[in-house]
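Undergrad: Here it is: the structure, laid out below.
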Amino acid sequence: MTDYLFFDECFTTDYLLENSYEQFCKDLYFAYDHLNLYLSEKYHIIEGDYKDYPSECYSGSPYEDCILPIEMIDDFIIRVSSINLEEYYKKILEAKQNVKP
């Protein structure tokens with residue numbers, strides 16, 4: 022659910038239409054690399070928090086301007102943390118059932 026919200030809210034249709042898949046991936050992973058250190062420090066995420074996924078532990082690089090501004094990510098995290106994801110998922114399923122093919 023959070024991935025759906027992330028991609029739906031954080032990328033404009035214009036950006037997605039104007040860039041190739043390869044450019045999108047390049048921009049996205051550059052942003053991930055440059056947000057990881059900021060988020061780890063802000064939320065006190067340490068290597069031990071990755072015990073189930075040790076290969077995902079990466080300290081990252083200092084933040085640089087990218088397609089995901091820090092303010093956008095902070096706002097997104099705050100907003101999503103207040104959502105009951107199970108209820109949101111149920112609403113999406115209900116909405117899809119009411120849509121004609």
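Residue numbering for the sequence shown follows our numbering, beginning at 22 and increasing consecutively.
For glycine and all other residues, C-beta sits at the position ideal for the given N, C-alpha and C.
From a predicted model like this one, the values you see are computed outputs, not experimental measurements.
#1: When the Cα of Glu77 is compared with those of Met93, Asn57, Asp95 and Ile88, which residue comes out closest?
#2: So, helix, strand or coil for Tyr71, using DSSP?
#3: Go through its chain and collect everything with a Cβ distance to Phe51's Cβ below 7 Å, but skip five positions before and after it.
#4: Alpha carbon to alpha carbon, how far is Ile99 from Asn119?
#5: Could you tell me the alpha carbon to alpha carbon distance between Cys46 and Pro90, rounded to whole angstroms?
#6: I need the DSSP call for Thr34, collapsed to helix, strand or coil.
#7: Measuring only the C-alpha atoms, how far is Tyr15 from Phe97?
#8: Quick one: what's got a C-beta closer than 6 Å to Tyr59's C-beta in the same chain, skipping five residues either side?
#9: Note down the Cα distance separating Glu115 from Phe32, rounded to an integer number of angstroms.
TA: Quick look at the numbers:
#1: The sequence position of residue 77 within the sequence shown is 56, counting from 1. For Glu77, the nearest C-alpha among the options comes from Asn57.
#2: Counting from 1 along the sequence shown, the entry for residue 71 is found at position 50. DSSP places Tyr71 in helix when its eight states are reduced to three.
#3: For the purposes of this step, residue 51 is taken as the residue at position 30 of the sequence shown. Closer than 7 Å at Cβ, skipping near neighbours: Cys87.
#4: Here residue 99 refers to the residue found at position 78 when the sequence shown is read from its first residue. Here residue 119 refers to the residue found at position 98 when the sequence shown is read from its first residue. Taking the straight line joining both Cα atoms gives about 30 Å.
#5: For the purposes of this step, residue 46 is taken as residue 25 along the sequence shown, with counting starting at 1. For the purposes of this step, residue 90 is taken as residue 69 along the sequence shown, with counting starting at 1. Each residue's Cα considered, the two are about 16 Å apart.
#6: Start at 1 with the first residue of the sequence shown, and residue 34 comes out as number 13. Of the three classes helix, strand and coil, the one that applies to Thr34 here is helix, per DSSP.
#7: The first residue shown for the chain is 22 and the last is 122, placing residue 15 beyond what the model contains.
#8: Residue mapping note: residue 59 aligns to position 38 of the sequence shown, counting from 1. Within the same chain, Cβ atoms closer than 6 Å to the Cβ of Tyr59 are found at Tyr84, the five residues on either side in sequence being excluded.
#9: Mapped onto the sequence shown, residue 115 falls at position 94. Mapped onto the sequence shown, residue 32 falls at position 11. If I take the Cα positions, the gap works out to 25 Å.
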